[in-house]
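Right, one structure below, let's go through it.
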Amino acid sequence: MQNIIVFGASGQLGHCLKAVAASKQINNIFFPPEGEANILDADALSKLFEQYKPAYAINCAAYTAVDKAEDDIDIARKINRTGAANLAAQCKNHDTVLVHISTDFVFKGDKPYPLVESDVAEPISVYGLTKLEGEQDIVDILPRHYILRTSWLYSEYGNNFVKTMLKLGADREELKIIADQIGSPTYGIDLAAAILDIITSDSERFGIYHYSNEGVTSWYDFAKGIFDLVGSKVKVYPIRTSEYPTKATRPAFSVMDKAKIKSTFNIQIPYWRDSLIVCLERLK
Numbered sequence: 001m002q003n004i005i006v007f008g009a010s011g012q013l014g015h016c017l018k019a020v021a022a023s024k025q026i027n028n029i030f031f032p033p034e035g036e037a038n039i040l041d042a043d044a045l046s047k048l049f050e051q052y053k054p055a056y057a058i059n060c061a062a063y064t065a066v067d068k069a070e071d072d073i074d075i076a077r078k079i080n081r082t083g084a085a086n087l088a089a090q091c092k093n094h095d096t097v098l099v100h101i102s103t104d105f106v107f108k109g110d111k112p113y114p115l116v117e118s119d120v121a122e123p124i125s126v127y128g129l130t131k132l133e134g135e136q137d138i139v140d141i142l143p144r145h146y147i148l149r150t151s152w153l154y155s156e157y158g159n160n161f162v163k164t165m166l167k168l169g170a171d172r173e174e175l176k177i178i179a180d181q182i183g184s185p186t187y188g189i190d191l192a193a194a195i196l197d198i199i200t201s202d203s204e205r206f207g208i209y210h211y212s213n214e215g216v217t218s219w220y221d222f223a224k225g226i227f228d229l230v231g232s233k234v235k236v237y238p239i240r241t242s243e244y245p246t247k248a249t250r251p252a253f254s255v256m257d258k259a260k261i262k263s264t265f266n267i268q269i270p271y272w273r274d275s276l277i278v279c280l281e282r283l284k
């Protein structure tokens, strides 16, 4: 198998890719540190591509501080748009396929049905806007790309909702969690496995794909599921988004249809609660 290089290797999904690659005994995948793999440094990128001569580049690097991005629009745009464009340009120069991770935040979240890849993207936050701009630049620059939109990412690595809930649940007797934002959690290990399955399939069915775990839930029900599975006694109460104001507006309904990725690559996607059980077992 040809070389794979991962950008954003120290992040949550980067760690998941390391774990899955090890379990699949994929040895020709490389995880250079951010100091050597800065997606805003075109010269450094060029040297890396010359060094590794990758057939595939996976971009996990992103500005993901959703609320902070409302004030840091320039930095968010540099990382989410300029960085993505830089990688696409290097991939074009070196005949490399780019796998780029995007988000459900490119959607407005006002449609009452699972979103397909061809649905109109109308972001309502700076984070969503800059991620969409990154997508558009990749499409314009590089025909040989896979853009994977995902949602509600969690794992045993990094900072995420599951680990935050476990920490808060250990410290508090009750929690109030938003119940009117609806989506699908994504276990990072499952997403990493899907990415590597796409790469090892040697398919050239490029384009935009949606990937999250199966099923639909709210943040409230997600939290309830976490506490029920670990036997926590913390009381969880549902609240509306309006009762917990944030700087950035979140999509109210961002469930994504996964039919395209399942049929194209014959990928089996686990139900969200089943994957949550696996993650919680590993966190023990």
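Each residue of the sequence shown is one higher than the one before, counting from 1 in UniProt numbering.
Beta carbons are placed, not taken as given, at the ideal position from N, Cα and C, and that holds for glycine.
Using the C-alpha atoms, what's the distance from R77 back to I124?
15 Å
Since I believe V236 is in contact with A252 (beta carbons under 8 Å), could you give me their beta-carbon distance rounded to a whole number of angstroms?
A252 to V236, Cβ: 20 Å. No contact.
Beta carbon of P32 nearer than 9 Å to that of A69
no
Provide the residue(s) that pair with K176 in DSSP beta bridges, ordered along the chain.
K176 is bridged to Y237.
Starting from Y56, trace the beta strand (DSSP E) both ways and give me its first and last residue.
For Y56, the enclosing beta strand (DSSP E) stretches over residues Y56 to N59.
Is it right to say T150 is buried, meaning 16 or more other beta carbons lie within 10 angstroms of its own, or is it exposed?
buried
Could you have a look at S10 and say whether DSSP puts it in helix, strand or coil?
Under the three-state reduction of DSSP output, S10 falls in the coil class, being neither helix nor strand.
Reduced DSSP secondary structure (H/G/I, E/B, other) of T183
Here residue 183 turns out to be Gly, not Thr, going by the sequence shown. Three-state DSSP puts G183 in a strand.
Round the Cβ separation of L45 and A192 to the nearest angstrom and send it over; I've been treating them as touching at under 8 Å.
Distance from L45 to A192 at the Cβ level is roughly 22 Å; contact not present, criterion being Cβ atoms closer than 8 Å.
In terms of residue numbering, what span does the beta strand (DSSP E) encompassing T264 cover?
Not the beta strand (DSSP E): T264 falls in the alpha helix (DSSP H), residues A259 to F265.
Inter-residue Cα distance where the pair is E173 and K233:
8 Å
Tell me which residues share the same chain as F7 and place their Cβ nearer than 6 Å to its Cβ, disregarding the 5 neighbours each side in the sequence.
Residues A37, I39, N59 and A61 of the same chain have their beta carbon placed closer than 6 Å to that of F7, with the five preceding and five following residues left out of the count.
For the putative contact between L229 and L276, defined by C-beta atoms under 8 Å, what is the C-beta separation to the nearest angstrom?
7 Å
Tell me whether L142 sits in a helix, a strand or coil according to DSSP, three-state version.
If DSSP states are grouped into helix, strand and coil, L142 belongs with coil.
What span of residues does the beta strand (DSSP E) with Y209 cover, start to end?
G207 to H210 is the span of the beta strand (DSSP E), which, as asked, contains Y209.
Alpha carbon of F265 to alpha carbon of S184, nearest angstrom
20 Å
Own chain partners of D137 with C-beta closer than 7 Å, once the 5 adjacent residues on each side are dropped
R81, A84, A85 and A88
Expected contact under 8 Å - CB spacing of L196 and V20 to nearest Å:
6 Å
Where do the N-terminal and C-terminal ends of the alpha helix (DSSP H) with T164 fall, by residue?
Note, T164: alpha helix (DSSP H), F161 to D171.
Delimiting residues of the beta strand (DSSP E) encompassing L87:
Segment G83 to N93 is the alpha helix (DSSP H) holding L87; no beta strand (DSSP E) there.
Is it true that the CB of S102 sits closer than 9 Å to the CB of L132?
yes
Look at F49 and H94 and say whether their C-beta atoms are less than 9 Å apart.
In contact: F49 and H94 (Cβ atoms closer than 9 Å).
Residues bridged to T217 (per DSSP)
G183
Neighbourhood of P238 by C-beta, 6 Å cutoff - its chain only, sequence neighbours within 5 removed
A179 and Y220
Contacting residues, own chain, Cβ-Cβ under 6 Å from I199 (five flanking each side not counted):
Y56
So if DSSP puts Y154 in a beta bridge, which residue, or which two residues, is it bridged to?
Y187
If you draw a straight line from the alpha carbon of V116 to that of E122, how long is it in whole angstroms?
Put simply, the backbone Cα of V116 is about 13 Å away from that of E122.
Contacts around F161, its chain only, beta-carbon distance under 6 Å, and the 5 residues preceding and following it disregarded
Y154
Going by CA-CA distance only, name the one from V99, G134 and K92 that's closest to S203.
V99
Out of curiosity, what's the CA-to-CA distance linking I79 and F105?
16 Å
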